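Read in order, the letters of the sequence shown correspond to residues 60 to 424 in my numbering. All residues carry an ideal CB built from backbone N, CA and C; glycine is no exception. Values in this document were obtained by computation on a predicted structure and should not be read as measured data. Single-structure report; data block below.
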Amino acid sequence: MRLQRLRAEGFRNLEDINFKPHPSCNIIVGANGSGKTSLLEAIHVLSLGRSFRTRELQPVINHQKTRLVCYAEVVEKDKLFPLGVEKRTAETLILQAKGEIGVKLSDFIANMPVQIITPDSFDLLTTGPEIRRRFIDLGVFHVEHSFVGLSMRFKKSLKQRNAALKQQASPQIIKALDEGFVLSAEAISTMRQHYLNEYIPIFYDILAIFLPNLCIQYEYVPGWAHKGNGGYGEALQKALEQDYRYRSTSVGPHRADLKFTVEGFPAQHILSRGQQKLFVSALILAQSVYLSRQSSIKSIFLIDDLASELDKYNLSLILNWLLEREHQVFITSVEEDIWSELCDGAAHEMFHVKHGRVAIRSLVK
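Below, the structure is given as C-alpha cells:
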C-alpha cells in the first residue's frame, strides 16, 4: 500500500499543502514547531479518522479556519482510490472512502492501515494496561472488522452495569444485565487471545533481530481468573459483593493486560532505556507483519522524532527492517545529517518543513 498524494487544508499550523511523497522512504526535516509532526498527524487522520495527539479533531482545526479537510490518493495492488476527511467547527465528522461519502468510521478505518512510532509509543511498556489494551484491540480490528461493533456493545453494557451498581440495583437486575454483557465480554477476550497466539511469535522473531540475547516471557491476563467451567459469568457472580462495595465492575476485558517479564521480573524494570525503545519498536513492527499475513496489505509507517530516542546503529536496524520489507515510511526529525547518512544508497526523498510549508529538499531515486 502506498500514499500517492496528500492534500490538507486548515490542519493545525500547516499551510494548505498538496504533497506527493516518495513511494518508499520520506524524510521530513525542520525545526521544532515547524509542522513536521502535523504532516504525520494528517496521514494518521486519513487512516483512523482521529489524531494520535488528541482524541478530538476540533483542536486540530487551524484557529483561523472554520474547517479542516484531508484528502489522500492511495494505491493498493496497482489500484488507486481516494480517502477524505472533513471536520467543520462544531459539526459531525464527514468521511469519504473509495468514492462513497458519509461512510461509517468502522468501514473507513479499514482502508489505509498505518503504524506509528512516536516518543509516546514507549508508554506501551512503562505505563498502565489501558494503552496495551488499545494496542491489542487495534491489531484485532484490522483483521476482524466486526470487533469495533462488538467493543461498542461491550462498553455500552459495561456503562449500564456500572450505573446499576452505583444505584445499588437488586441482584436480579444485575443478573439480567449480565446476560448480553457476558457474551460480548467473552467474545472480545477470545478474539484478543486468538490474535496474540499468532502475533507473539512474530514479535519474538523481530525482537531476536533487535535484542538477540534477550529472553522475554509474556502473559495475557484477560481481566478475570479462568477457574471452573462457569467462565466470565461465574467470575462476575463471585465478584458481585465487591462490585456493590466499589460500585463498578471489577473483572472483565476492561481490566485485561499484556505483561512481559525478563527472568520473572517486569521487563520495564530490567531493560535499559535504549532496550525498551527497541522492544516497543519490535511490538509495533510485529503488528504490521501480522496484518500483512492476514490481508496481504503492507502498513504505512509514521515515525516521529526517533533520532532523539535511539542511537544511529539502532535507528539503522529499524530503518533497514522497514525498507527491506518495502514499507512506505514517513520519518520526521530535526536532524538532517543522520538520516542522510542512514539513507545513503537507498531510494528516498527529503522534505523540509518551515512555518507550515512543505518543500522538497532532495530526491534519491
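Quiz item: For PHE338, which of helix, strand or coil comes out of DSSP?
Solution: helix
Quiz prompt | N-terminal and C-terminal residue of the beta strand (DSSP E) that ASN379 is part of | solution = ASN379 -> not in any beta strand (DSSP E); alpha helix (DSSP H) instead, spanning 371-383.
Quiz item: What are the boundary residues of the alpha helix (DSSP H) that ASN221 is part of?
Solution: 206-225
Quiz item: Are at least three pairs of beta-carbons, each pair with one atom in the region 145-155 and one in the region 308-328, less than 8 Å apart?
Solution: no
Practice problem: Could you say which of LYS136, VAL144, PRO172 and LYS336 lies nearest to ASN373 if we only look at CA atoms? | Solution: LYS336
Practice problem: Output yes or no for whether 8 Å exceeds the beta carbon distance between PRO80 and PHE389. | Solution: yes
Quiz item: What do you get for PRO325, buried or exposed, if any count of 16 or more other CB atoms within 10 angstroms of its CB means buried?
Solution: exposed
Quiz item: From what residue to what residue does the alpha helix (DSSP H) around LYS297 run?
Solution: 290-297
Self-check item: Three-state secondary structure assigned by DSSP to LEU73
Solution: coil
Practice problem: Say whether chain B places a C-beta atom closer than 8 Å to the C-beta of ARG420. | Solution: In summary, chain B is missing from the structure at hand, where a single protein chain is found.
Self-check item: Beta-bridge pairing of TYR130 - partner residues as DSSP gives them
Solution: ARG66 and GLY143
Self-check item: Separation of ARG304 from LYS318, as counted between CA atoms
Solution: 28 Å
Quiz item: Where does SER347 sit, in a helix, a strand or coil, going by DSSP?
Solution: helix
Quiz item: What's the C-alpha gap between LEU376 and PRO271?
Solution: 12 Å
Self-check item: Span of the beta strand (DSSP E), counted from its first residue to its last, around GLU100
Solution: Where GLU100 is concerned, there is no enclosing beta strand (DSSP E), although the alpha helix (DSSP H) it sits in stretches over 95-107.
Self-check item: Which listed residue (LEU381, PHE240, ALA418 and SER358) has its alpha carbon closest to that of LEU401
Solution: LEU381
Quiz prompt | Three-state secondary structure assigned by DSSP to SER229 | solution = coil
Quiz item: Ends of the alpha helix (DSSP H) at SER399?
Solution: 395-401
Quiz item: What is the C-beta distance between LEU224 and ASP302, in whole angstroms, given that I count them as a contact (C-beta under 8 Å)?
Solution: 5 Å
Quiz prompt | Other residues of its chain near SER358: CB distance less than 8 Å, five sequence neighbours each side excluded | solution = MET60, PRO172, VAL173, GLN174, GLN346, SER347, LEU350, SER351 and HIS386
Self-check item: Residue closest to ILE176, alpha-carbon to alpha-carbon, out of LEU378, PHE213 and ARG416
Solution: LEU378
Quiz item: Which residues in the same chain as ALA156 place their Cβ atom closer than 6 Å to its Cβ, once the five residues preceding and following it in sequence are excluded?
Solution: LEU142, VAL162, PHE167 and ASN170
Quiz item: Can you pull the DSSP bridge partners for CYS84?
Solution: VAL388 and HIS407
Self-check item: According to DSSP, residues forming a beta bridge with LEU317
Solution: TYR279
Exercise. Identify the continuous beta strand (DSSP E) that holds GLN174 and give its terminal residues.
Key: 173-176
Quiz item: Do LEU65 and ILE102 have their C-beta atoms closer together than 8 Å?
Solution: yes
Quiz item: Whose C-beta lies closer than 7 Å to the C-beta of LYS234 among residues of the same chain, with five residues either side of it excluded?
Solution: none
Quiz item: Identify the residues that DSSP records as bridge partners of ILE120: which are they?
Solution: PHE70
Quiz item: Helix, strand or coil: which one does DSSP assign to ALA418?
Solution: strand
Quiz item: How would you label THR96, buried or exposed, when you count the other beta carbons within 10 angstroms and need 16 or more for buried?
Solution: buried
Quiz item: Rounded C-beta distance between GLY69 and VAL128? I'm assuming under 8 Å.
Solution: 6 Å
Exercise. Determine which residues share a DSSP beta bridge with ASP363 and list them.
Key: THR391
Quiz item: From which residue to which residue does the beta strand (DSSP E) around ILE153 run?
Solution: 153-156
Quiz item: For the 8 Å Cβ check, are there 3 or more pairs between the region 239-254 and the region 276-284?
Solution: yes
Quiz item: How big is the Cα-Cα spacing for ILE87 and VAL104?
Solution: 18 Å
Quiz item: Are the beta-carbon atoms belonging to GLY415 and LEU183 less than 8 Å from one another?
Solution: no
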